[in-house]
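Below is one structure, written out as structure tokens, with a few remarks after it.
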Amino acid sequence: MAIDRPVCLWRAQPNQGQELILPEQGGDIHWLQLINGSVELDGINGDTSDVLKTGDGLGLRDQRDWTLTGQADNIDLLLFSLA
């Protein structure tokens with residue numbers, strides 16, 4: 305697959321209960337892909353949170369204040385950030 309623009313890619317494998325915060329560098333368009341496990345996502349829909357599970361993907365635009373919290377063991381995820 306070709307991506308015809310600058311991209312930053314992060315891989316994370318957080319533990320259950322561990323929080324991850326969006327990296328400061330990167331662009332304003334993000335794609336989060338959950339390879340394994342489940343995470344809770346806070347800060348997207350106001351006061352509510354969403355749970356993402358194995359195979360789920362989520363596109364985000366102009367979102368800076370969100371946090372992921374590991375909800376299981378063996379979590380593996382990718383974050384693509386497009387400039």
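In the working numbering, the protein residues as written are 305 to 387.
Backbone N, C-alpha and C define an ideal beta-carbon position, used for all residues, glycine too.
Where the beta strand (DSSP E) containing Ala316 begins and where it ends: Segment Val311 to Ala316, the beta strand (DSSP E) holding Ala316.
For Thr373, the first and last residue of its enclosing beta strand (DSSP E): Looking at the DSSP string, the run of the beta strand (DSSP E) that includes Thr373 is Thr371 to Gly374.
Test item: CB-CB of Ala316 and Leu324 under 8 Å: Cβ distance < 8 Å, so Ala316 and Leu324 count as in contact.
Exposed unless 16 or more other CB atoms sit within 10 angstroms - verdict on Gly418: For residue 418 there is no data in the structure shown, the boundaries of the chain being 305 and 387.
Between the CA atoms of Ser353 and Asp308 - distance to the nearest angstrom: Distance from the CA atom of Asp308 to the CA atom of Ser353, rounded to whole angstroms, is 32 Å.
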